[in-house]
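In my numbering, the protein residues as written are 1 to 164.
Yeah, the Cβ is synthetic: ideal placement off N, Cα and C, and Gly gets one too.
Computed from a predicted model, the values in this text were never measured in an experiment.
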């Protein structure tokens, strides 16, 4: 059996939307780098999926490579920005009565919430790829709401307001 703190185990638990996982990574200061790896893995998977779609559409290998590199850069910057914005909103304007959090806690919970994004590797499949991509994106958003709720100790509705 895999170690409960292994990256794969935590990614599966995050994808299963296990509240305890989000509490666990919030409290584990050593989980920030693994959260970054989750973001990178999900971005690479999405890049591969869209790259294959591009190759099928005749856009060539360079489209694939630039999409992969650009996608990783955008994913990492997006992760940093999303965690930062949720931190600012969640600890000021939309702060709950029990809110006590740090930016790094949000980096961890928002990062692990990206786990379902690995399914975007299947986005090249004709007719269903777009649905898979949309479904994975919604799944990630639900995970982010749970992660923000747990990290900021706010209600689900307040977490939704912070995330959207």
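Can you give me the Cβ contacts of residue 66 inside the same chain, cut-off strictly under 6 Å, excluding the 5 residues immediately before and after it? Taking the first residue of the chain shown as position 1, residue 66 is located at position 66. So the list is empty, once near-sequence residues are dropped.
Assuming residue 39 and residue 79 are in contact, meaning their beta carbons sit under 8 Å apart, how far apart are those beta carbons, in whole angstroms? The residue you call residue 39 lines up with position 39 of the chain shown. The residue you call residue 79 lines up with position 79 of the chain shown. With a Cβ gap of about 5 Å, residue 39 and residue 79 count as contacting.
Have a look at 108, 112, 56, 140 and flag the residue whose alpha-carbon is nearest the alpha-carbon of residue 120. Looking up residue 120 in the chain shown gives position 120. Looking at the Cα atoms, 140 is the closest of the given residues.
Excluding the 5 residues preceding and the 5 following residue 144 in the sequence, name in chain order all residues of the same chain whose CB lies nearer than 7 Å to its CB. What you label residue 144 is simply residue 144 of the chain shown in a count that begins at 1. Hits under 7 Å: 110, 113, 163.
Would you please state the rounded distance, in angstroms, between the beta carbons of residue 129 and residue 42? I believe it to be under 8 Å. As a working note, residue 129 is residue 129 in the chain shown. As a working note, residue 42 is residue 42 in the chain shown. Actually they are not in contact, since the Cβ atoms of residue 129 and residue 42 sit about 16 Å apart, beyond 8 Å.
Limits of the alpha helix (DSSP H) - the one that residue 165 falls within: One cannot answer for residue 165 here, as it falls past the ends of the chain, which runs 1 to 164.
In its own chain, which residues sit with a C-beta less than 7 Å from the C-beta of residue 64, not counting the 5 before and 5 after it? Here residue 64 refers to the residue found at position 64 when the chain shown is read from its first residue. Excluding positions up to five away in sequence, the list reads 51, 54, 55.
Leaving out five residues on either side along the sequence, give the residues of the same chain with a beta carbon under 6 Å from the beta carbon of residue 1. Position 1 of the chain shown holds residue 1. Low confidence applies to residue 1: its pLDDT is 45, below 50, so where it sits in the model is not reliable enough to give any reading.
Where does residue 125 sit, in a helix, a strand or coil, going by DSSP? Here the question's residue 125 lines up with position 125 in the chain shown. Looking at residue 125 - three-state DSSP - the assignment turns out to be coil, as it is neither helix nor strand.
Can you check whether the CB of residue 27 is closer than 7 Å to the CB of residue 21? Translated into the one-based positions of the chain shown, residue 21 becomes position 21. Translated into the one-based positions of the chain shown, residue 27 becomes position 27. No. Outside cutoff.
For residue 149, which of 35, 29, 23 has the nearest alpha-carbon? In the chain shown, residue 149 corresponds to position 149, counting from 1. Among 35, 29, 23, the Cα nearest to that of residue 149 belongs to 23.
Could you check the C-alpha separation between residue 36 and residue 5 for me, to the nearest Å? Here residue 36 is taken as the residue at index 36 of the chain shown, counted from 1. Here residue 5 is taken as the residue at index 5 of the chain shown, counted from 1. Distance between the alpha carbons of residue 36 and residue 5: 15 Å.
Give the range of the alpha helix (DSSP H) segment to which residue 21 is assigned. As a working note, residue 21 is residue 21 in the chain shown. 19-27 is the extent of the alpha helix (DSSP H) around residue 21.
Given a cut-off of 7 Å, decide if residue 152 and residue 101 are closer than it, judged by their beta-carbon atoms. For this step, residue 101 is matched to residue 101 along the chain shown. For this step, residue 152 is matched to residue 152 along the chain shown. The answer is yes: Cβ separation under 7 Å.
Rounded to whole angstroms, how far is the Cβ of residue 146 from the Cβ of residue 17, which I believe are closer than 8 Å? Translated into the one-based positions of the chain shown, residue 146 becomes position 146. Translated into the one-based positions of the chain shown, residue 17 becomes position 17. Confirmed, about 6 Å.
Just how far apart, CA to CA, sit residue 124 and residue 49? Against the chain shown, residue 124 aligns to sequence position 124. Against the chain shown, residue 49 aligns to sequence position 49. Going from the Cα of residue 124 to the Cα of residue 49 covers about 5 Å.
Among residues of its own chain, excluding the 5 on either side of residue 47, which ones have a beta-carbon nearer than 6 Å to its beta-carbon? For this step, residue 47 is matched to residue 47 along the chain shown. Correct list, in chain order: 67, 68, 71.
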